[in-house]
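Notes for the one structure printed next.
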Amino acid sequence: MAKIETVGVQQARDRLRDHIDAAVEDDQITVITRHGKQVAVLVPAEWYQRAQAALDAQAADES
Numbered sequence: 003m004a005k006i007e008t009v010g011v012q013q014a015r016d017r018l019r020d021h022i023d024a025a026v027e028d029d030q031i032t033v034i035t036r037h038g039k040q041v042a043v044l045v046p047a048e049w050y051q052r053a054q055a056a057l058d059a060q061a062a063d064e065s
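Counting in the numbering used here, the sequence shown runs from 3 upward without gaps.
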């Protein structure tokens, strides 16, 4: 199971390289918050590609 880390926007900026490395090497998910609200999520590219393919397949089934 992937590790999930939540960080503020400033920390995400300051440590972007570290968060990218963790996504690539450890399948870490980084949730980015602004004023305590989730605004973005950094996930490994492979996860995104699988999610996009699943959404595309679902859209094709619905049409």
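The beta-carbon is built from N, C-alpha and C at its ideal position, and this holds for glycine as well.
Query                                                                        : Result
Rounded C-alpha distance that separates V26 from T32                         : 12 Å
6 Å CB neighbourhood of A14 in its chain, flanking five on each side removed : I34
Beta-bridge partners of I34, as assigned by DSSP                             : V9, A42
Option in D29, D20, R52, V43 with minimal Cα separation from T8              : V43
DSSP-derived helix/strand/coil call for D29                                  : coil
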